[in-house]
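A quick write-up on the structure given underneath.
There are 2 protein chains.
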Amino acid sequence: MTKEVSNKQVILKHYVTGYLKESDMELKNTTIKLNVPKGSSAVVLKNLYLSCDPYMRYRMRKIEGSYVESFIPGSPITGYGVAKVLESGDSNFQKGDIVLGRTGWEEYSIVTATQTLFKIHDKDVPLSYYLGIFGMPGLTAYAGFYEVCSPKKGETVFVSAASGAVGQLVGQFAKMLGCYVVGSAGSKEKVDQLKSKFCFDEAFNYKEEQDLDAALKRYFPDGIDIYFENVGGKMLDAVLLNMKVHGRIAVCGMVSQYNLEQTEGVHNLFCLITKRIRMEGFLVFDYYHLYPKYLAMIIPQIKAGKVVYAEDVAEGLESAPSALVGLFSGRNIGKQIVVVSRE
Amino acid sequence: MTKEVSNKQVILKHYVTGYLKESDMELKNTTIKLNVPKGSSAVVLKNLYLSCDPYMRYRMRKIEGSYVESFIPGSPITGYGVAKVLESGDSNFQKGDIVLGRTGWEEYSIVTATQTLFKIHDKDVPLSYYLGIFGMPGLTAYAGFYEVCSPKKGETVFVSAASGAVGQLVGQFAKMLGCYVVGSAGSKEKVDQLKSKFCFDEAFNYKEEQDLDAALKRYFPDGIDIYFENVGGKMLDAVLLNMKVHGRIAVCGMVSQYNLEQTEGVHNLFCLITKRIRMEGFLVFDYYHLYPKYLAMIIPQIKAGKVVYAEDVAEGLESAPSALVGLFSGRNIGKQIVVVSRE
Chain A
1 MTKEVSNKQV ILKHYVTGYL KESDMELKNT TIKLNVPKGS SAVVLKNLYL SCDPYMRYRM
61 RKIEGSYVES FIPGSPITGY GVAKVLESGD SNFQKGDIVL GRTGWEEYSI VTATQTLFKI
121 HDKDVPLSYY LGIFGMPGLT AYAGFYEVCS PKKGETVFVS AASGAVGQLV GQFAKMLGCY
181 VVGSAGSKEK VDQLKSKFCF DEAFNYKEEQ DLDAALKRYF PDGIDIYFEN VGGKMLDAVL
241 LNMKVHGRIA VCGMVSQYNL EQTEGVHNLF CLITKRIRME GFLVFDYYHL YPKYLAMIIP
301 QIKAGKVVYA EDVAEGLESA PSALVGLFSG RNIGKQIVVV SRE
Chain B
1 MTKEVSNKQV ILKHYVTGYL KESDMELKNT TIKLNVPKGS SAVVLKNLYL SCDPYMRYRM
61 RKIEGSYVES FIPGSPITGY GVAKVLESGD SNFQKGDIVL GRTGWEEYSI VTATQTLFKI
121 HDKDVPLSYY LGIFGMPGLT AYAGFYEVCS PKKGETVFVS AASGAVGQLV GQFAKMLGCY
181 VVGSAGSKEK VDQLKSKFCF DEAFNYKEEQ DLDAALKRYF PDGIDIYFEN VGGKMLDAVL
241 LNMKVHGRIA VCGMVSQYNL EQTEGVHNLF CLITKRIRME GFLVFDYYHL YPKYLAMIIP
301 QIKAGKVVYA EDVAEGLESA PSALVGLFSG RNIGKQIVVV SRE
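Chains A and B, in that order, give the protein sequences. Per UniProt numbering: the first sequence ends with 343, consecutive numbering throughout. Per UniProt numbering: the second sequence ends with 343, consecutive numbering throughout.
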């Protein structure tokens with residue numbers, strides 16, 4: 001006979017307009033039977049770590065025909081998680097396995113789309129890193145920088161939201177290649193971390209700059225070869241004025257815009273012509289085939305201390321709504337994760 | 001002894017702000033000695049045809065460090081022209097040669113930068129075509145479509161300002177490759193011409209559309225693979241909503257914006273990410289190496305009637321200011337040229 005246990009969940013109450021608030025979500029106490037439904041090939045997961053990612057805000061509105069689907073109001077939020085397999089109806093997974101994949105914002109999940117789960121083999125690293133440097137944000141940084149930016153040694157690179165889950169890695173990859181790298185972030189603490197921990201050549205607090213164009217000219221007197229775009233809006237406009245001829249802009253995210261009902265207009269696109277700039281959006285999903293190669297490269301780098309990674313850890317599912325909201329005010333320092341359980 | 005002859009000129013009176021007006025230019029009666037200055041390798045040109053191009057508006061403001069220089073207030077406007085060599089101090093050119101190159105908006109010019117002149121060999125075509133299909137706009141269409149758009153047979157192509165000097169060719173190139181092609185233009189006459197003369201699959205008058213997004217959805221129910229961008233602003237915003245995944249936008253011009261002191265903001269750039277769009281600006285100058293190859297391809301096509309070209313001809317240097325101004329209200333139908341003299 002299957003035991004029924006309590007299962008706390010984070011529910012999206014409704015589609016969200018304007019700035020995301022904690023009250024757009026609610027904690028709900030439910031129960032769950034921890035068994036694989038008869039005849040099903042689902043797996044029963046105990047969720048350990050959950051990932052807070054900016055794209056999740058996008059899923060909180062009604063979306064049609066895009067690369068992701070809307071969350072379902074009244075249901076738990078879903079996202080990337082690291083979880084332990086409690087029961088498995090799929091021969092690819094055994095009880096006790098640790099997996100990375102799409103799961104629910106709840107203590108236990110029954111996942112039927114097991115093809116989206118990835119079995120974690122190397123557990124000799126912090127497991128939460130599979131939500132960051134060893135997961136989607138890591139591969140995003142890797143594919144975005146190496147595949148989209150066409151970087152060359154000696155080029156000048158600017159990264160916005162540079163202390164975030166993706167930005168901190170882009171900067172380190174660019175340094176490893178011999179580029180000059182400058183990052184922007186939203187607090188003194190983050191700026192200090194960019195220079196001291198992640199070895200950016202320079203960093204600045206965009207909130208303290210009256211004139212972003214002037215700030216960029218200070219750090220890039222000869223212009224920017226590569227812009228790794230995470231924020232959009234005013235920063236993009238200032239960057240366009242400071243790109244070099246034949247520069248490249250990899251558009252990874254536009255986090256400054258996700259909570260706006262009417263996005264800011266970008267005015268300087270004419271620079272794309274005068275400077276022959278390539279601006280290219282990308283999604284990590286198109287680069288999943290590179291994941292094994294990336295993992296094989298990055299895990300030894302972390303173990304050897306040649307690459308470092310910063311996480312911001314929220315304790316307990318109760319803290320998840322606040323952690324997610326914090327992404328959009330830049331409260332987190334480094335990759336934001338939520339610990340549901342450590343075992 | 002050198003004869004001095006009268007030389008009418010079109011002078012830029014001052015840097016221009018806002019919408020270009022005829023009164024920003026003035027006609028001036030001057031005189032010129034039609035000889036090569038002693039010890040110089042200049043050529044003396046009799047100007048036959050002058051080109052009106054949207055980028056010229058850009059040169060009417062103060063520009064620093066761009067791909068072109070500002071015009072000099074108080075001096076004649078300069079641009080592409082077809083001219084006859086009257087005297088030559090450069091052994092590459094002989095009296096009687098017909099050349100294409102940068103010349104002045106005046107009856108006679110003395111050009112010292114003779115390396116910018118190209119000797120026209122095939123005169124068995126309308127000479128003014130060297131300002132259009134056989135010149136800079138032609139190579140722009142060719143390089144922009146084949147080199148920047150990465151087109152494939154069967155793809156869907158949208159061209160704005162489609163009846164213009166560049167657009168009409170892009171559409172024909174796309175049809176030759178087996179694409180589905182739709183163009184936008186600003187009058188019924190232009191729209192009719194796009195369908196009947198240039199063989200676009202569909203065309204529409206953007207001025208009659210309340211909702212550009214809806215118009216594009218009507219012609220591209222499954223989305224746009226390639227957008228050849230000539231106008232910018234609201235059209236670009238509507239196109240972004242209608243691009244297909246992995247679509248390409250070749251940014252050739254943004255003529256709707258050139259007379260605005262504050263350009264319109266573009267709001268839908270987030271689509272670059274969700275649809276993994278590549279948006280790339282280009283300038284024809286980077287593709288001059290393709291010019292001989294292009295000419296060898298296009299001249300026989302015109303002679304065989306497989307490609308057609310529409311010109312809008314203004315008679316006399318006096319009509320040049322009005323012809324240039326007309327570009328920005330879309331008065332011209334086809335490539336706008338000015339006839340200074342036919343021989």
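Here a beta-carbon is modelled for each residue, glycine too, at the ideal position from N, C-alpha and C. These numbers were taken from a predicted model, which means no experiment stands behind them.
Legend entry - Contact list for tyrosine 67 of chain B against chain A, beta-carbon separation under 7 Å: For the purposes of this step, residue 67 of chain B is taken as residue 67 along the second sequence, with counting starting at 1. Within chain A, the residues near tyrosine 67 of chain B are Thr274.
Legend entry - 6 Å CB neighbourhood of glutamate 106 of chain A in its chain, flanking five on each side removed: Looking up residue 106 of chain A in the first sequence gives position 106. Asn7, Gln9, Pro76, listed in sequence order.
Legend entry - Under the three-state DSSP convention, the category glutamine 172 of chain A falls into: Residue 172 of chain A sits at position 172 when you count from the first residue of the first sequence. It is helical.
Inset, instruction - Go ahead and label histidine 267 of chain A buried or exposed: buried means 16 or more other beta carbons lie within 10 angstroms of its beta carbon, across all protein chains shown. - result: For this step, residue 267 of chain A is matched to residue 267 along the first sequence. Per the 10 Å Cβ criterion, buried.
Legend entry - With 16 other Cβ atoms within 10 Å as the buried cut-off, status of valine 82 of chain B: Reading the second sequence from its first residue, position 82 is the one you call residue 82 of chain B. The residue is buried, with at least 16 neighbouring Cβ atoms inside 10 Å.
Inset, instruction - Could you tell me if isoleucine 215 of chain A is buried or exposed, where buried requires 16 or more neighbouring beta carbons within 10 angstroms of its beta carbon? - result: Within the first sequence, the letter at position 215 stands for residue 215 of chain A. A quick correction: the sequence has alanine, not isoleucine, at residue 215 of chain A. Buried, by the Cβ-count rule.
Legend entry - Nearest-angstrom Cα separation, counted from lysine 46 of chain B out to glutamate 343 of chain B: For the purposes of this step, residue 343 of chain B is taken as residue 343 along the second sequence, with counting starting at 1. For the purposes of this step, residue 46 of chain B is taken as residue 46 along the second sequence, with counting starting at 1. Cα to Cα, the separation comes out at about 9 Å.
Legend entry - Rounded distance between the beta-carbons of isoleucine 299 of chain A and phenylalanine 118 of chain A, thought under 8 Å: In the first sequence, the residue the question calls residue 118 of chain A occupies position 118. In the first sequence, the residue the question calls residue 299 of chain A occupies position 299. That belief does not hold up - the Cβ atoms of phenylalanine 118 of chain A and isoleucine 299 of chain A are roughly 14 Å apart, past 8 Å.
Inset, instruction - Assign proline 76 of chain B to one of three DSSP states: helix, strand, or coil. - result: Taking the first residue of the second sequence as 1, we reach residue 76 of chain B at position 76. In this structure, proline 76 of chain B counts as strand in the three-state DSSP scheme.
Inset, instruction - State yes or no: is the beta carbon of histidine 267 of chain A nearer than 9 Å to at least one beta carbon in chain B? - result: Within the first sequence, the letter at position 267 stands for residue 267 of chain A. It does: the Cβ of histidine 267 of chain A has a partner Cβ on chain B nearer than 9 Å.
Legend entry - Partner residues on chain B for valine 231 of chain A, Cβ-Cβ distance less than 9 Å: As a position in the first sequence, residue 231 of chain A is number 231, starting the count at 1. Correct list: empty, because the minimum Cβ distance to chain B is about 12 Å.
Inset, instruction - Just list the alpha helix (DSSP H) runs in the region 201-260 of chain A, keeping only unbroken ones of 4 residues or longer that don't cross its boundaries, in chain order. - result: 212-219, 234-242
Legend entry - Own chain residues within Cβ distance below 8 Å of glutamate 217 of chain A, not counting five before or after: As a position in the first sequence, residue 217 of chain A is number 217, starting the count at 1. Contrary to the premise, residue 217 of chain A reads as lysine rather than glutamate in this sequence. Hits under 8 Å: Asn242.
Legend entry - Buried/exposed call for serine 163 of chain A, threshold 16 Cβ in 10 Å: The sequence position of residue 163 of chain A within the first sequence is 163, counting from 1. So serine 163 of chain A ends up on the buried side.
Inset, instruction - Express the C-alpha separation of aspartate 122 of chain A and proline 292 of chain A in angstroms, rounding to a whole number. - result: Sequence index remark: in the first sequence, residue 292 of chain A carries index 292 (1-based). Sequence index remark: in the first sequence, residue 122 of chain A carries index 122 (1-based). So the alpha carbons of these two residues sit roughly 12 Å apart.
Legend entry - Any 3 or more C-beta pairs closer than 8 Å across the region 247-260 of chain B and the region 231-238 of chain B: yes
Inset, instruction - Could you name the residues of the region 273-306 of chain A whose beta carbon sits closer than 8 Å to any beta carbon of chain B, in the order they occur along the chain? - result: Ile273, Thr274, Lys275, Arg276, Ile277, Arg278, Met279, Glu280, Gly281, Phe282, Leu283, Asp286
Legend entry - Beta-carbon gap between valine 308 of chain A and serine 128 of chain A smaller than 9 Å: Taking the first sequence and counting its residues from 1, one reaches residue 308 of chain A at position 308. Taking the first sequence and counting its residues from 1, one reaches residue 128 of chain A at position 128. Not closer than 9 Å, so no.
Inset, instruction - Inspect the beta-carbon positions of alanine 165 of chain B and glycine 132 of chain B and report whether they are closer than 9 Å. - result: Numbered from its first residue, the second sequence carries residue 165 of chain B at position 165. Numbered from its first residue, the second sequence carries residue 132 of chain B at position 132. Yes, they are a contact pair.
Inset, instruction - Check the Cβ of valine 251 of chain A against every Cβ in chain B and list those closer than 8 Å, keeping chain order. - result: The count along the first sequence starts at 1 and reaches residue 251 of chain A at position 251. Per Cβ cutoff of 8 Å: Leu269, Leu272, Ile273.
Inset, instruction - Work out the CA separation of arginine 59 of chain B and glutamate 69 of chain B for me, nearest whole Å. - result: On the second sequence, residue 69 of chain B is found 69 positions in, with the first residue counted as 1. On the second sequence, residue 59 of chain B is found 59 positions in, with the first residue counted as 1. Each residue's alpha carbon lies about 6 Å from the other.
Legend entry - Neighbour-count burial assignment, threonine 156 of chain B, 16 or more Cβ in a 10 Å radius: The residue labelled residue 156 of chain B in the question sits at position 156 within the second sequence. When all chains shown are included, threonine 156 of chain B counts as buried.
Legend entry - Nearest neighbour of glutamate 209 of chain A, chosen from A:Asn230, A:Asp201, A:Ser196, A:Ala185 [CA to CA]: Translated into positions along the first sequence, residue 209 of chain A becomes position 209. The option with the nearest alpha carbon to glutamate 209 of chain A is A:Ala185.
Inset, instruction - Locate the beta strand (DSSP E) running through tyrosine 108 of chain B, then write down its first and last residues. - result: In the second sequence, the residue the question calls residue 108 of chain B occupies position 108. Element bounds for tyrosine 108 of chain B: 108-111.
Inset, instruction - May I ask which residues mark the beginning and end of the alpha helix (DSSP H) holding isoleucine 298 of chain A? - result: In the first sequence, residue 298 of chain A corresponds to position 298, counting from 1. It spans 291-303 - the alpha helix (DSSP H) in which isoleucine 298 of chain A sits, taken as one unbroken run.
Legend entry - For arginine 57 of chain B, three-class secondary structure by DSSP: Along the second sequence, one-based indexing puts residue 57 of chain B at 57. Helix, per DSSP.
Inset, instruction - Might you give, ordered along the chain, the residues of its own chain that have their beta carbon closer than 7 Å to the beta carbon of lysine 95 of chain A, omitting 5 neighbours on each side? - result: Within the first sequence, numbered from 1, the residue matching residue 95 of chain A stands at position 95. Correct list, in chain order: Val85, Leu86, Glu87, Ser88.
Inset, instruction - Could you please give the first and the last residue of the uninterrupted beta strand (DSSP E) stretch that includes leucine 27 of chain B? - result: Counted from its first residue, the second sequence places residue 27 of chain B at position 27. Taken as a continuous stretch (DSSP letters only), the beta strand (DSSP E) holding leucine 27 of chain B covers 25-33.
Inset, instruction - With DSSP as the reference, please indicate the residues paired to isoleucine 11 of chain B in a beta bridge. - result: Residue 11 of chain B sits at position 11 when you count from the first residue of the second sequence. DSSP lists B:Glu26, B:Pro76 as partners of isoleucine 11 of chain B.
Legend entry - Inter-residue Cα distance where the pair is tyrosine 294 of chain A and glutamine 262 of chain B: Your numbering for residue 294 of chain A matches position 294 in the first sequence. Your numbering for residue 262 of chain B matches position 262 in the second sequence. Spanning the two alpha carbons is a distance of roughly 44 Å.
Inset, instruction - Tell me glycine 330 of chain B's beta-bridge partners as DSSP assigns them. - result: Counting from 1 along the second sequence, the entry for residue 330 of chain B is found at position 330. Partner(s): none; glycine 330 of chain B has no beta bridge.
Inset, instruction - Kindly confirm or deny that the region 33-41 of chain A and the region 16-29 of chain B touch, where touching means at least three C-beta pairs closer than 8 Å. - result: no
Inset, instruction - Measure from the C-beta of phenylalanine 264 of chain A to each C-beta in chain B and report whether the shortest distance is under 9 Å. - result: If you number the first sequence from 1, residue 264 of chain A lands on position 264. Per the sequence shown, residue 264 of chain A should be read as glutamate rather than phenylalanine. Chain B contact via Cβ: present.
Legend entry - Start and end residues, alpha helix (DSSP H) containing glycine 138 of chain B: Taking the first residue of the second sequence as position 1, residue 138 of chain B is located at position 138. That run of the alpha helix (DSSP H) goes 136-143.
Inset, instruction - Using a threshold of 9 Å, state whether the C-beta atoms of valine 191 of chain B and alanine 203 of chain B are closer than that. - result: Reading the second sequence from its first residue, position 191 is the one you call residue 191 of chain B. Reading the second sequence from its first residue, position 203 is the one you call residue 203 of chain B. Yes. Within cutoff.
Inset, instruction - Inspect the beta-carbon positions of alanine 92 of chain A and threonine 112 of chain A and report whether they are closer than 9 Å. - result: Sequence index remark: in the first sequence, residue 92 of chain A carries index 92 (1-based). Sequence index remark: in the first sequence, residue 112 of chain A carries index 112 (1-based). Sequence check: residue 92 of chain A is asparagine here, not alanine. Not closer than 9 Å, so no.
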